[in-house]
Amino acid sequence: MNQLGMFPLISLIIFLPLAGAILIAFIPSRFQMFHKQLAFVFSGISFISSLALMIFFNFNSPLLQFMERHEWIPQLGIFYHVGVDGISLLLVLLTTFLSLVAILASFNDITVHTRGYYASMLLLETGMIGVFVAADMILFYIFWEAMLIPMYFIIGIWGGPRRIYAAVKFFLYTLVGSLLMLVAIIVLYKINISQGGMPTFEISKFYNMNIDASVQVWLFLAFALAFAIKVPMFPFHTWLPDAHVEAPTAGSVLLAGVLLKMGTYGFIRFCIPIFPDACNKFALFFIILSIIGIIYGALMALVQTDIKRLVAYSSVSHLGLVMLGIFVFNIQGMEGAIIQMVNHGLSTGALFLIVGMLYQRRHTRMLDDYGGVAKAMPNFFPFFMIITLSSIGLPLLNGFIGEFLILVGAFTARSIYGVLAATGIILSAYYMLRMFKKVMFGPLDKKENASLPDIGNRELAILISVVALIILIGVYPQVFLRSMDASVENLLQIFLAKHSIMTP
Amino acid sequence: MWGLAGLIIIFPLLGLLINLFIGNRLSRKWIGVIACGSVALSCLATIVFAVLFHFNYPAEGSIEANWYQWIVSGSFVVDFGFRIDWLSLVMALTVSFVGFLIHVYSVGYMWEDPGYRRYFIYLNLFMMMMLMLVMANNLGLLFVGWEGVGLCSYLLIGFWFEKHSASEAGKKAFIVNRIGDFGFLLGMLLIYREFGSLNFNVIEANMGEHVASQIILGIALLLFCGAAGKSAQFPLHVWLPDAMEGPTPVSALIHAATMVTAGVYMVSRMGFLYEQSPYALMIVTGIGLFTAFFAATMAVVNKDFKRVLAYSTISQLGYMFAACGAGAYVAAIFHLITHAFFKALLFMGSGSVMHALGGELNIEKMGGVKEKMKWTALTFVIASLAISGIIPFAGFWSKDAILAAVWHKYGPVIWIIGIVTAILTAFYIFRLVFEVFYSERRVEEKTWDHAHESPPAMIRPMMILALFSIIIGFVGLPFKRFNLIERALATVLPVAHGTEVSVANEIILMIIVLAGALFSIYLAFTFYMKKRNYLDTLLASFKKIHHVLINKYFVDEIYHKIIIAPLWYVSDKFLYKIIDVFMIDGSVDGIAHISRGTGKYLRKIQSGNTRSYAFAIVIGMLLIFIYYFWKIHKG
Numbered sequence: 000m001n002q003l004g005m006f007p008l009i010s011l012i013i014f015l016p017l018a019g020a021i022l023i024a025f026i027p028s029r030f031q032m033f034h035k036q037l038a039f040v041f042s043g044i045s046f047i048s049s050l051a052l053m054i055f056f057n058f059n060s061p062l063l064q065f066m067e068r069h070e071w072i073p074q075l076g077i078f079y080h081v082g083v084d085g086i087s088l089l090l091v092l093l094t095t096f097l098s099l100v101a102i103l104a105s106f107n108d109i110t111v112h113t114r115g116y117y118a119s120m121l122l123l124e125t126g127m128i129g130v131f132v133a134a135d136m137i138l139f140y141i142f143w144e145a146m147l148i149p150m151y152f153i154i155g156i157w158g159g160p161r162r163i164y165a166a167v168k169f170f171l172y173t174l175v176g177s178l179l180m181l182v183a184i185i186v187l188y189k190i191n192i193s194q195g196g197m198p199t200f201e202i203s204k205f206y207n208m209n210i211d212a213s214v215q216v217w218l219f220l221a222f223a224l225a226f227a228i229k230v231p232m233f234p235f236h237t238w239l240p241d242a243h244v245e246a247p248t249a250g251s252v253l254l255a256g257v258l259l260k261m262g263t264y265g266f267i268r269f270c271i272p273i274f275p276d277a278c279n280k281f282a283l284f285f286i287i288l289s290i291i292g293i294i295y296g297a298l299m300a301l302v303q304t305d306i307k308r309l310v311a312y313s314s315v316s317h318l319g320l321v322m323l324g325i326f327v328f329n330i331q332g333m334e335g336a337i338i339q340m341v342n343h344g345l346s347t348g349a350l351f352l353i354v355g356m357l358y359q360r361r362h363t364r365m366l367d368d369y370g371g372v373a374k375a376m377p378n379f380f381p382f383f384m385i386i387t388l389s390s391i392g393l394p395l396l397n398g399f400i401g402e403f404l405i406l407v408g409a410f411t412a413r414s415i416y417g418v419l420a421a422t423g424i425i426l427s428a429y430y431m432l433r434m435f436k437k438v439m440f441g442p443l444d445k446k447e448n449a450s451l452p453d454i455g456n457r458e459l460a461i462l463i464s465v466v467a468l469i470i471l472i473g474v475y476p477q478v479f480l481r482s483m484d485a486s487v488e489n490l491l492q493i494f495l496a497k498h499s500i501m502t503p
Numbered sequence: 000m001w002g003l004a005g006l007i008i009i010f011p012l013l014g015l016l017i018n019l020f021i022g023n024r025l026s027r028k029w030i031g032v033i034a035c036g037s038v039a040l041s042c043l044a045t046i047v048f049a050v051l052f053h054f055n056y057p058a059e060g061s062i063e064a065n066w067y068q069w070i071v072s073g074s075f076v077v078d079f080g081f082r083i084d085w086l087s088l089v090m091a092l093t094v095s096f097v098g099f100l101i102h103v104y105s106v107g108y109m110w111e112d113p114g115y116r117r118y119f120i121y122l123n124l125f126m127m128m129m130l131m132l133v134m135a136n137n138l139g140l141l142f143v144g145w146e147g148v149g150l151c152s153y154l155l156i157g158f159w160f161e162k163h164s165a166s167e168a169g170k171k172a173f174i175v176n177r178i179g180d181f182g183f184l185l186g187m188l189l190i191y192r193e194f195g196s197l198n199f200n201v202i203e204a205n206m207g208e209h210v211a212s213q214i215i216l217g218i219a220l221l222l223f224c225g226a227a228g229k230s231a232q233f234p235l236h237v238w239l240p241d242a243m244e245g246p247t248p249v250s251a252l253i254h255a256a257t258m259v260t261a262g263v264y265m266v267s268r269m270g271f272l273y274e275q276s277p278y279a280l281m282i283v284t285g286i287g288l289f290t291a292f293f294a295a296t297m298a299v300v301n302k303d304f305k306r307v308l309a310y311s312t313i314s315q316l317g318y319m320f321a322a323c324g325a326g327a328y329v330a331a332i333f334h335l336i337t338h339a340f341f342k343a344l345l346f347m348g349s350g351s352v353m354h355a356l357g358g359e360l361n362i363e364k365m366g367g368v369k370e371k372m373k374w375t376a377l378t379f380v381i382a383s384l385a386i387s388g389i390i391p392f393a394g395f396w397s398k399d400a401i402l403a404a405v406w407h408k409y410g411p412v413i414w415i416i417g418i419v420t421a422i423l424t425a426f427y428i429f430r431l432v433f434e435v436f437y438s439e440r441r442v443e444e445k446t447w448d449h450a451h452e453s454p455p456a457m458i459r460p461m462m463i464l465a466l467f468s469i470i471i472g473f474v475g476l477p478f479k480r481f482n483l484i485e486r487a488l489a490t491v492l493p494v495a496h497g498t499e500v501s502v503a504n505e506i507i508l509m510i511i512v513l514a515g516a517l518f519s520i521y522l523a524f525t526f527y528m529k530k531r532n533y534l535d536t537l538l539a540s541f542k543k544i545h546h547v548l549i550n551k552y553f554v555d556e557i558y559h560k561i562i563i564a565p566l567w568y569v570s571d572k573f574l575y576k577i578i579d580v581f582m583i584d585g586s587v588d589g590i591a592h593i594s595r596g597t598g599k600y601l602r603k604i605q606s607g608n609t610r611s612y613a614f615a616i617v618i619g620m621l622l623i624f625i626y627y628f629w630k631i632h633k634g
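Taken in order, these protein sequences are the chains called A and B.
Going by numbering that gives the first Met the number 0, the letters in the first sequence line up with residues 0 to 503, in that order.
Going by numbering that gives the first Met the number 0, the letters in the second sequence line up with residues 0 to 634, in that order.
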């Protein structure tokens, strides 16, 4: 039962794209136009439906809302059980929004095998949404793995010259982590039964378990490895630049915008409430890795010559900040981390869109090939500028809200964390403005750049919608922060109640 | 009603939105009218609110108007709220009034530029951010304005982005400011940790609580780090001279009159905190006076018209910080105001000359410009008298107030640095006056033929500023009764007690300053008008010093050598190429290679169809999955 009676809103959001994918699969490959339009329509309806989540969401409840629970394999305690709370709500919205944008951005980009492509995109959307709404561990795991396959194809078929290498690397990396996670899930299940519990995979049931601290460590590490690879945390990050460089634009957008968030989301959803002792024990370790990630990622971004690699490394830096926010275990850090996941999805997703637009016109990703583009594409300029600034964390744009809250949280926990993390704000300005200058400014002295066409209406629509959100979050973040208050407080309470921690 | 004070920042926002969305359909004239009009409305609104405030003066001296809660997370709250008191009103008035005049001037100056509309959009955005900065009732919102003006500065320095040096200078300004903001941000975090809020009133109210003096010192220095970035104080001064790449009205507005004074404003605003830490005050005065002197020495030798003015600005900002550190916040703000008028005017004068001489900046290629530009010359001389501190021009009163405060707090030895700087100031500024306007003409004939006085849109604002450069000093006459500015600002800013300098003492100090300035004007006159050959002799005998000065003490080169180059080297050669590519990624690939080598059949699968490969993995996964379930279910 949920606030909409029995209306299965979440199932609708999850399975609309799947239905679209199946439909597209039946349309002959010569009707390219239909593939695009169908994908757009199904993804669009899914997005609009997800807005209803925001409208009917009860801000005061920390519990799962819009819950649906149906028996699936009852003997094992496996249920089809979905719902959203304040932590997943924004991520679901981010996913449906970015999927729609990514599909729209592919219209001119993808010309071969459109049927397979758009079907993959929609399958991917289903998988991503499913990960965020699953309330059952097995369901979570299925979506988690299911989403890998379309992404693998998107990189491997529609990617750049080294696409096979990148796709396999992406796949193997993720798989290694997730198999360990599967083992850990099963062990958890067995422990629960051995403690006399009913057989269940319901995530929140595990929140109330008492697991021996030494066992926690192993289980935690198994989960953490899967998530840390996904984030990616230093030193598990090297799959990311390769995957981004080879992926088509839409793939990069969803990879950076949504897939990476699954790692950080996993830490919040699983590690902190289920393994509080282990989290506490490893907090310092993860904080150090996060801070290394922030600085290291930024320094890597600084020296890149390929725009996509640059943005990929900047993700390592930004996600380091998110991880730091999670592992300081206070409300500002946690809320900052969640809002920063959304922010990073928007800004970095948008950066990849921007790079895609440039690439489509100029067929190069090398910084040195550009220069003076602001002159050739004056309408493109303000959007690129705003998105760059959002990534730098300029106040009144979204990035600042997350960064600032995370820094408040980190500094409150221990001032040195705040100090080290804040170096990221200098470095991010350095590498982003370096990139911006190399692409947009300077004389328009290369004749290939002089004739670049300015952005068209479709691109304009994409950029306006992203930038509008960037400004909305920056100017009035309360809409989003308030929605997560109750859930985050509840989560931290669960954590603190089970473990009267000292701040690391 | 007080919430409407937000209109002061809304008007420029409206102006920029109109020009942004429908400006492409408007004529140049209307774009200019909207841009200037919106700032004029801000200025009027400020006056209205000043009058209202005067007649509804609240007992606590300030009024808060919150619009909404901007960021809330747990106990951390940042309001989108304004504070109305005499300090914010005086600042807003100065900013909007000078800003309005510079907007009008810009219409004339930028009329021919293809980026006319873009220029005014940036300029209005700047006004909005700057006004937000001075109206904010908490450090968080102040920081919004703070970064916002930094952004506009970046955009406007690099306005002619096709020029390599311009876009490079913009980037440099942003990054150097970010280094300062790093400190500012940490200062805010520390304040939140200690005082639980970023609101000025709350911080001040909790000030009495036992916060360790080292913490106060830490906060004060971190905030000052931000101020030094924004106000171009040593060692973060390097961006301001390069910022002269921007259009000249921008230099006048942002890099002289308003934005760069934000640091002084912020330190004054937090004066109640600085007062708790004598060490912090000493450091502020130390950096301020050192910078004042240091920058003035570079201004003496530089040959670039605008850069001389830029160093002059750095130097004058140093004075303002010296005043802050001496506890004379009122004097700092007073000098900030007078400086806004005369320095804006000096820049406008330089712009007017550039406009006439086809963009020439080298003062060695000028001379005798007065013949063709009477009004520019006249107003420039007035501004020069004001900055030199000649009685009764504006700068005299404010500089005198600062020097008296420094004398009183730190004694004659420190005061002497201030005096020497004042003497250098009069010298370098009159060097400009003589070199550009009065000495023998060295302008190329072709350029000279086209030279002309600037249009009225430029000259009229200059006349108004000239008028204010003469009279604005009278709001701060050094006699209690007539010192309007002190009476107003003392309601907000801390005022040192028992520091009244005796009248006789005050007059003696004034005379010394005045004599020094007059003497150095005479020197400049001798060198640049009468005996130009003296100059060559002088140069020959101080070749080494001149070399150091003209190269700006090699600060840029040093930064490059010890910070930027190593950072790049380590990042690229070591971290990226060795750690990332070779070690981390290499080991991953290595593992893959080994496992690939173990069986040839694996290679067959891998080099084959990607779909079948993925399919195999999925099947394999499912098998493992099913196996475990089966096992668990049984056991």
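Note that beta-carbon positions come from the ideal geometry of N, C-alpha and C, so glycine has one too.
Whether residue i touches residue j by CB criterion (8 Å)
i	j	result
A/Ser482	A/Leu88	yes
B/Ser468	B/Leu344	yes
B/Ala327	B/Ser314	no
B/Glu363	B/Arg440	no
B/Glu274	B/Pro493	yes
Integer Cβ distance of residue i from residue j, believed to fall under 8 Å
i	j	result
B/Leu221	B/Leu252	Not quite, the Cβ-Cβ distance comes to about 28 Å (not below 8 Å), so this is no contact.
A/Ser60	A/Ala485	6 Å
B/Val405	B/Thr284	7 Å
B/Phe650	A/Ile425	This structure cannot speak to residue 650 of chain B, because chain B is shown only from 0 to 634.
B/Asn23	B/Arg116	7 Å
Residues sharing a beta bridge with residue i, DSSP
i	result
B/Gly80	B/Asn65
A/Arg68	A/His80
A/Ala133	A/Val81
8 Å Cβ cut-off: residues of chain B touching residue i
i	result
A/Ile273	Simply none; closest approach about 19 Å.
Under 9 Å from the C-beta of residue i: neighbouring residues of chain A
i	result
B/Gln275	Those within 9 Å of B/Gln275 in chain A number zero; the least Cβ separation is about 20 Å.
B/Gly147	Leu393, Pro394 and Leu395
Within chain A, the residues that residue i reaches when beta carbons sit closer than 7 Å
i	result
B/Ile583	Pro234 and Thr237
Closer than 9 Å at the beta carbon, the chain B residues around residue i
i	result
A/Met261	Per Cβ cutoff of 9 Å: no residues; A/Met261 is ~17 Å from chain B at best.
A/Gln31	Here the premise fails: no neighbours, minimum Cβ distance about 21 Å.
Neighbour list for residue i in chain A, Cβ cutoff strictly below 8 Å
i	result
B/Ser166	Lys436, Phe440 and Gly441
B/Val143	Pro394 and Leu395
Where residue i meets chain B, residues with beta-carbon distance less than 7 Å
i	result
A/Thr411	Arg192
A/Lys307	Under the 7 Å cutoff, chain B gives no residues; its nearest Cβ is about 15 Å from A/Lys307.
Notebook entry, point to check: Is the stretch 445 to 461 of chain B touching the stretch 87 to 104 of chain B, taking contact as three or more C-beta pairs under 8 Å?
Noted result: Proximity of the stretch 445 to 461 of chain B to the stretch 87 to 104 of chain B meets the contact definition, three or more beta-carbon pairs being nearer than 8 Å.
Check: Would you say the stretch 175 to 191 of chain A touches the stretch 218 to 236 of chain A, given that touching needs at least three Cβ pairs under 8 Å?
Finding: yes
Note to self: For the stretch 427 to 446 of chain B against the stretch 69 to 88 of chain B, do three or more pairs of beta-carbon atoms, one drawn from each stretch, fall closer than 8 Å, so that the two count as touching?
What the structure shows: no
Next item on the list: Answer yes if the stretch 277 to 290 of chain A comes into contact with the stretch 316 to 325 of chain A, meaning at least three C-beta pairs across the two stretches below 8 Å, and no otherwise.
Entry: yes
Notebook entry, point to check: Counting pairs of beta carbons, one from the stretch 193 to 202 of chain B and one from the stretch 166 to 175 of chain B, are three or more of them closer than 8 Å?
Noted result: no
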